[in-house]
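Okay, structure first, notes after.
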Amino acid sequence: MGIKMYSFLKGLTKALIGLFLFIGISDKAVSQFKAVHTDDLNLIYYNFGHEYLLNHTIRSYTNALRFHQEKFQYHLTEPVTVIMSDFGDFAQGGASAVPSNVILMGIAPFHYAYETNPANERINVLMNHELVHIIAQEKSSRSDRFYRSVFAGKVFPDRQDPVSMFYSYLTVPRIFSPRWYHEGIAEYMTTWMSGGIGRVMGAYDEMMFRTMVRDGAHIYDAVGLESEGTTVDFQVGSNSYMYGTRFMTYLSNKYGPDSLLEWVSRTDESKRFYANQFRNVYGNSLDDEWSMWIEFETSWQQQNLERIRQNEVTEREVLSRRPLGGVSRAIYDDERDQIILAVSYPGEISHIATFDPNTGETSRITDLKGAALYFVSSLAYDQETGTIFYTNDNNGWRDLYSVNIDEKKPQRLQKDLRAGDLVFNPNDRSLWGIRHLNGIVSIVRMPYPYTDWNRIHSMPYGEDIFDIDISPDGKWLSAAIGDVRGLQRLVMLDMDSLMAEVFDPIEVYDFEVSSPASFTFSKDGKYLYGSTYYSGVSNIVRYDVENEQMNWLTNVETGYFKPIPISEDKIIAFEYTGTGFLPVAIEDKPVSRVSAIRFLGQEVVENHPEVIDWMLPPPTAQRFNVEELRIGESDYSPVGNLSLASVYPIIQGYKDYVAGGLRFNFSDPLRFHNLGISLSYSPYASLPGDEEFHASFLYETSSWRFFGNYNGADFYDLFGPTKQSRKGYSLGAGKSTSFIEEVNRSLNLNVTGAYYGGMERLPEFQNIITSFSEFVSLSGRLSYQAMLNSLGAVDYEKGLKWELLSNNNYVEGTLFPRISQNLDYGFELPIRHSSIWLRSSTGISFSPRREPLGNFYFGGFGNNWIDNQPSRRYRSYIAFSGANLNEIGGTNFAKLMVEWALPPVRFKRAGFMNLYATWAQLNLFTTGLTTNIDDEAVREQYYNVGAQLDIQMAVFSILSSTFSVGYASAWNHVTGDRGDELMISLRLMR
Amino acid sequence: MKQRILNIIQAEIDGENSPAESREVKKLLENNADAKSLYEDLLQISKELSSLKSEFEIPENLSGQIKDGISDRSELQGFSTNNIHKIKKEEVMPESNKFFSGKKTLIVAAAAIALIAVLVYIDFPQPNQGDVAGTIGTDVERADRFRGAQMTHDDISLDDEEFQQVLQSDIFIGLVESGELQALAQDESFVNLMASPDFNQLFASPDFNRLIASPDFAQLMSDPSFNELMSSPEFSQLLASPEFAQLTASPDFSRLSASPEFSELMASPEFSYLTASPDFNRLSANPSFHELMASPDFSRLLASPDFNRLISSPNFSRLMANPDFNRLTASPDFSQLSASPEFNNLMSSPDFSNLMANPSFNQLIANPDFNRLLASPDFAALMAAPSFSRLMASPDFSRLSASPEFSRLMSSPDFSRLIASPEFSRLMASPNFSRLMSSPNFSRLLASPDFSRLAASPEFSRLSASPEFNQLIASPNFSRLMASPSFNRLLASPNFSRLMASPDFNQLMSSPNFSRLMANPNFHRMVASPDFGQF
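Residue numbers (the numbering used here), protein chains in the order written: chain C, 205 to 1194; chain A, 284 to 818.
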C-alpha cells in the first residue's frame, strides 16, 4: 500500500494544485457577479441594469429583517446572500437556509392573472416573504446549534452519502416540512406585513374553496395535498400555497396569530418535527385540526354561497363537456365561428386550440412549449390571414411565435422577446405587447413581419401595465395599470399619442383594491368587457365607452373571467371550476344586484386586529441610511468564497467490505462551486493492504467537473449486485457545453477525459476484467432532447431524444474506439398520461473482438437494492433486463425497445406525515438485441419481455425516494437459453 | 370660492368624484390654501359625525356618505381605503374616542348638526351621478377587504432610474447587441473620456441636449452622406492619425476653440448663412478646392511662422504691385470682377481701407510663401473655378467677411497661433487629411442640405459657443478618443453606420432621457467597467 499510496497522494496533490490554478483562472469567467455588503446581507447582482434597485433592496431587506427578528425572536447566524436576477419575465423568489442562507429574487413584475399575485411593491413583497422561509428553516434550538458545531455547519442532504439526511435533520430539522407549511406561513406573514395585500385576502383562494364546497369536491388532507393535490389539477403546485395559507389563516382566526409564530419558531422548548410541534402548540394532532379546518371551511363557504344567492344568480349555458383547464386570453373569429385560445389541461400537452362554441369541440393547432400556470400563453390573432401569435417559454424569457390556423406550422418570430399581453392592431397589422426587462414594464410595438420590436413607452419602476386591447378602429388602447400601492385602474390611451411617445392615460374606472381583468373591446368599439373581484367574486362587467358607465352583467357563485362578446346579446366567458375553466354563454344584459362575499382574512382582522400592527412602515431613505448600512462592495468570486460547509462521518462499501470515514464538503454560498472529499478505511485482514484506504474527490462548477479516486468506494455498494467501487486510481476532468438551452429542448455536449491506473476491472463494466492495468479514456456524449409532458405527468410523454456517444480507450500505444447512438421517440396515447416509446440503439467498436476494452456489454436491469441513480435504468442502452450484468458482449450491436408507460396512479393518502407514497406507475417493455452483426459465426440475438413498477414516496416531506420492482425474462434466440430477473430497488432522494 | 370648486370638494369627501375630478381636487388642495382649509373643515366634521353615530340619530344615507368620506380621506392620506367592520372602536381608535367624550362631544355634535342644517338649508349642490365618469349602473356590494396604509412611489428611493428609459429602448439594446459598443467600452481612451468631468459637463449642458434634440441633428444623423463619411476609411484614417490627435491636443487648438471670438463666429448668423449657402457647398465640393487644400504649398504656407507676419506686413503692398499680380488684375475675369458693384462696394468700404493700411497685411503680400501660393496652379485653378466666384459673389460670404465676429477671429492671437502651430501644419500636410478633404463622401456631406441646416441651426451655434463644448474639444481625453483605434474601428464599422443612419438612433439621441443618461457619472462608470460586455 505504502509506495503506491504515497505516489497517488503526491500525484493527487499536484493535480489539485493544477486544478485550483485552473479554477482560479476560470473563476474570472463568473467575476461579473458583484456584491454589496451590509452586516446582515450580501446582495449579489450581475447586471448594471439592476443597480437602480440595489439600495432599495437593501432598505426593504433591512426593514423586513428587523420585523422578523422582533416577531420571531430571531438572530441571524450569518448574512443572507440575496441574488438579484432577471431570469424570468415574471417575479419569482426562492430561499434556502442549507448550507447557507440564500434568497433568489427575480425583479420582474408579478403576473396578475386572476389576482393570484400581490400587486403592491414587489421587492418588499419578496423580502417579506423569502425571509420568512429563511427563518422557518434556519431558526435553531440549542441542540440544533450543538449539531451544527459538531458537523461544522448545516448539513445539506447529499444522495451520494444518504446518512447526510440524518445529519441534516439534526442540524436543520424544519427543512423537513412540507411545502404547504413553508408557503402557508410565508404568505400569511407577507399579507399582514403588506397591510392586507396577499393571499390571506385573496379572492382567488376564496373562489377556489367556495367552488370546491359548492361542487362537493374533495378537499385534501395534509398528506393527500402533497401526494396528489399538488399534481393532478390544473393549479398544481399553487395548491401548496392556497391550502397552506388557508390553513394558517384558519388557525390564526381560531387561536390567534401568535400561535402560528409559536408553531413555526424553532426554540429550545420546541419539537424538532413540525407536526410534533403542532401538537405541542395546539394540543391537537395536525391531522385532527386539519379535519376541523375542512369542516370550518365547508361551513364558511356555504355561508358565502348563501350571500351570493340572496340575489338572482346569473343563468348560463355550458358550452363544453368538460373544463378546458388553464386558459389564455380567448379571441373570437366571427367568420370561422371559432374561439382561439391556449389551453393547459392535466394529462394533455398544453397547446393552442380552436374551440367551437356550437359543438363544444376543441381542435389542436400546435403544442406549446413552456406553458404558464395561470395565463398559459399570451395570444393575439389576425383574423384576416388566420395568423395566431403566441408566446412560448412563458416561465422564462418569452419567445414570440406565430402559426396559421389552417396550416398549423409554428414559426418562431423572435427569441427571448420577453413580451406578452399580445394584441393585434388590424389597422396597420402591427402587433403590440408588454415587455419586461430589468424590472421595468414597456409597451412595445412589432410591425409586420414581427421580427423586430420598437419600444413605445416605458413605465416608471413599480407601475405595471397589463391586459391591453386595441379598439377595432385602432384609435384606443385599453389597459390595466397598477402601482406600488397595489391600486389598479382601467385606462384608455390614444394610439396616435402613444405613437408620438405621449403617454397620457385616461382613467376609465378605479377598481381600488380589485384588479380590472382582461378588458376587451366589443366589435363596434362601444363597450369594454372584462371582469373584476369588486364584490369579492369575479363577475363580468361592461363599460359603456360613450356614456362612461360601468354595468355588472353577472352575479355568479364561482367566478367568471375573460369575456368575449360574440353577438349583440351574447357573451362567452370562462367559469372557474376545480378542474379548470369552463366556457359558458351568458346574456349581455346588466343585472340589478350583485352580492358580496366575506373574506376569511377580513374575519382575522376583525377578530385579531393586532395583525394591523404587523404592517411594515415603508423602507424610506429617511428611515434607512444606506450609506451607513453598506460596509463594502466587491466582486463575487466562487473560489474566493469557497469554505467548509460541513464535515460528517460516512459509511461506504468497497467490493464486499464496509468502510468508514469522513466526508468534507466545501462550497460557496451560491453553490456555484462545490468540492466534496471522501476519505474512508476498510480494516479487514482479508483485504490486500493497498486496498484498505479509499479516497475520492469531486470538484464541480457549472461547466467543469474534476474527479479523482483511489480505490473508490461507494455507499450503494453496501447493497445489491451492482458495484461502483473499483480497485486502482483515476484522475479526470469533464466539460459540459450547452449549444441549445430552451424550454423542453436542449443540445448538450459532455466530454470527459481520465487516466486510470492499477485497475483490475473496467470502470464501466464491473464484471469485465481488464487486460491492461493502466489506460487513458476519452469519452464524449452529444445529446439532443425535445420532449414534452403535461400537467400532472410523472415522466416525459412525447418527443424525441437522440444521443451520440463515443468511448475511446488508449492503452500502450493502441486506441480502442467505440461509437454508439441512441434514438428515442415517444407519442401520447388517448389515455391520460399514457404513452408509447420506441427506444433504439446501435453501436460499433473499431477494435479486435478479443479485447475487453473494445467491446460493448449488456445485461440486467442495472439497479441496486439501494440506489441513487435513475430508477428506470432498463432504458439504458447497456441494460438488458433478464440477462446477467455484462453477460452479452459484442463489438457492434443493434437494439430496439418498445415501451408502454401506463397511466400513473396518484394516492390521496397512503402513509403518514413523515412517510407516504405519492404515485405509482407501471411500465411494460420488450426488447430485441443483436450483437456482432458483421460475423454470423459469433452473432447473438436476444429478446426480453419485462415490467417495472415504480412507487414514489416522500420521506420527511421533502426527500423523494422511489421504490421499484421489476421482472423480466430474456431469451437467447440462437441457443434458446432463457434467463429471468427480479429487481427490487429503493432509489434514495429521487 | 367658485360654486363648482365647493361642489367637487364636497363630492371628494363623499367619494363621488370621478378620477379626473379627484385629481383636480388634489391639485387644488396643494395650491389653494382656502380650498384646503375648507376641505379639512368638512372632513373633520364628517369624522366627528361618524364618531357620534351611536349618540345621535343621523339620516341613514348621510351616515353612509360620511363613512365613505372617511375612507376616501384615508386613501388620500395613504391610509386604509376600506372599513374594518366589527372592529371594536376602543381597540382601533382609542385616541379618537378619548377626544370625543363628555361635554366636548356634545359641543362638537351640536356644531356639526348646525352645520348640516345650514348645508341642507342652502341646498348644497351634489354632483349628478350621471355626469360622473365611470359610474356604476348596477347595485353592487363591495366586499370588505382590509387594506392598510400602502407605501407610495415617493417612499421608494431608486438610484439613476432614468437609465432605464434608455436601457429599455430597442435602439440601445440593438447598439449593445451589435458588439460595437462593447468594443468601444473596452477602449481606454473612451473610458477616460467617459470619466472626464468635461464630458459630463457637456452632456449635462442644456445646449447639448437641445442640439441633439433638434430635428436638424436628427436629419444629419440620418443623412446617407454623413453616414458614408462616417464609414469611409479616409475619415477613420484621419481620426486615427497622430497629426489629428496632436492638433486637437495642442494648447493652441484648445485656446482657439475656447476663445470668445471663435464662439462668436460660430454663433454668428453670418457663419450660418455661409455654411448654409449653396455656393459654399458647391465650393467645398469642388475638386480644385480639395487639391488646394491638399497641396504641400498650402500646408507650408499655413505652417509658416511668417504667415501671420506676412498678412500684416507692408510687403503686402509690394505684392500688390507685383507684375504677376498686375497680370491678374488685367485679366478679363478681374475686369468683370472690378466692374461689379460688389467689388466696388468692397473697395470703397472702410474695412477694406483699413485692411490695406494695415502693416501686417502688407507683410503678407510681400511674403515669398504667399507669392508662391498665388503663383501655384492650384490657386489659379481655384480662382478660376466658377464655384469660387459664386462664393465670393454671394451675399452670405459678404455678410460673413463683413461681420465683426469674423474680423475678431481673424485678428485674434489664438487663431494666429493655431494657424502657425506645427500641429496644424502637420495636419494640413498629412495625406490622410488630404484624402479626407478630397473624398467624395466628405464633399457630399458638406454639400448636403442637412449639414447646412445643422450648421445653420441656432442650437449648433449655441453648442459650439458653449464653454462646455470648448472644454471638451480642448480636453486631452477627447484627443485620445479621436486617436484611438477602437473608436475609429467603431466609426468605420458598418454597424455603426447603420446605427447612425437609423431613425431610431436619432430618436434615442434626441430623447431627454438619453442626455440625462449620458450626463450621469454612474453611466460612465458602467461603460468603463469590464462588465459592460456582459450587459
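For glycine and all other residues, C-beta sits at the position ideal for the given N, C-alpha and C.
*Chain-ordered neighbours of Ala432 of chain A on chain C, where CB pairs are closer than 8 Å*: Gly399 and Met819
*First and last residue of the uninterrupted alpha helix (DSSP H) at His555 of chain C*: That residue, His555 of chain C, is in no alpha helix (DSSP H); its beta strand (DSSP E) goes His555 to Phe559.
*Are the beta-carbon atoms belonging to Leu308 of chain C and Ile287 of chain C less than 8 Å from one another?*
yes
*asked:* For a test of your reading of the model: does the CB of Asn829 of chain C fall under 7 Å from any non-hydrogen atom of the ligand ATP? Yes or no.
replied: Ligands are entirely absent from the displayed structure, and the ligand ATP is therefore not among its contents.
*Put Ala1087 of chain C into one of helix, strand or coil per three-state DSSP.*
coil
*If you count every other CB in all the chains shown that lies within 10 Å of the CB of His337 of chain C, and 16 or more means buried, which is it?*
buried
*What residue from C:Phe593, C:Phe910 and C:Ala958 has the CA that sits closest to Ser983 of chain C's CA?*
C:Ala958
*May I have the straight-line CA-CA distance separating Leu175 of chain C from Trp908 of chain C, to the nearest angstrom?*
Residue 175 of chain C lies beyond the stretch modelled for chain C, which goes from 205 to 1194, so this question has no answer here.
*Unbroken stretches of the beta strand (DSSP E), 3 residues or longer, contained in the region 257–301 of chain C*: 284–289 and 296–300
*Which residues in the same chain have their Cβ closer than 7 Å to the Cβ of Tyr1014 of chain C, if we skip the five residues on either side of it in sequence?*
Phe979 and Val980
_At least 3 beta-carbon pairs within less than 8 Å: the region 904–924 of chain C vs the region 1059–1072 of chain C_ = yes
_DSSP three-state assignment for Lys232 of chain C, whether helix, strand or coil_ = With a pLDDT of 45 at Lys232 of chain C, under the threshold of 50, the modelled position of that residue is not reliable, and the figure given next carries that caveat. Lys232 of chain C falls in the helix class under three-state DSSP.
_Please state the DSSP three-state secondary structure of Gln364 of chain C._
coil
_Contacts of Asn259 of chain C in chain A (Cβ-Cβ under 8 Å)_ = Ser440, Leu441 and Asp442
*asked:* Taking DSSP's pairing of strands, which residues face Pro769 of chain C in a bridge?
replied: C:Ile775
*Simplified DSSP state of Tyr404 of chain A, which is helix, strand or coil*: Note on Tyr404 of chain A: pLDDT 42, under 50, position unreliable in the model; no value is reported.
*Buried or exposed: Leu732 of chain C, going by 16 or more other Cβ atoms within 10 Å of its Cβ?*
buried
*Tell me where the alpha helix (DSSP H) around Gly805 of chain C begins and ends.*
Leu804 to Asn811
*Cβ neighbour criterion (16 or more within 10 Å) applied to Lys727 of chain C*: exposed
_Using C-beta distances below 7 Å, list every residue in its chain close to Leu833 of chain C, excluding the 5 sequence neighbours before and after it, in chain order._
Thr242, Ile262 and Thr266
*Kindly indicate which three-state DSSP category Arg513 of chain C falls into: helix, strand or coil?*
helix
*For Ser368 of chain C, is the classification buried or exposed, using 16 other Cβ atoms within 10 angstroms of its Cβ as the cut-off for buried?*
buried
*Hey, would you say Ile569 of chain C sits closer than 8 Å to Phe559 of chain C, going by beta carbons?*
no
*asked:* Buried or exposed for Gly893 of chain C, going by 16 or more other Cβ atoms inside 10 Å?
replied: exposed
*Please confirm if Ser320 of chain A has its CB atom under 8 Å from at least one CB of chain C.*
no
_beta strand (DSSP E) runs wholly inside the region 959–1041 of chain C, at least 3 long, in chain order_ = 979–992, 1002–1015 and 1018–1032
*Start and end of the beta strand (DSSP E) containing Gln1145 of chain C?*
Glu1144 to Val1159
*Just to confirm, are Val688 of chain C and Thr518 of chain C a CB contact at a threshold of 8 Å?*
no
*Check the DSSP bridge columns for Met1101 of chain C and list the partner residues they point to.*
C:Arg1043 and C:Thr1131
*asked:* Could you check whether Pro769 of chain C and Asp792 of chain C sit closer than 8 Å to each other, using their CB atoms as the reference points?
replied: yes
*Taking Cβ to Cβ, would you say Arg418 of chain C is nearer than 8 Å to Asp409 of chain C?*
no
*Can you tell me where the beta strand (DSSP E) with Ala432 of chain A in it begins and where it stops?*
Here Ala432 of chain A belongs to no beta strand (DSSP E), and DSSP marks it neither H nor E.
*Which of the three DSSP states, helix, strand or coil, is assigned to Gly857 of chain C?*
strand
*Tell me, please, whether the CB atom of Gln448 of chain A is closer than 8 Å to any CB atom in chain C?*
yes
*Cβ-based burial, Val522 of chain C [other Cβ within 10 Å; buried from 16]*: exposed
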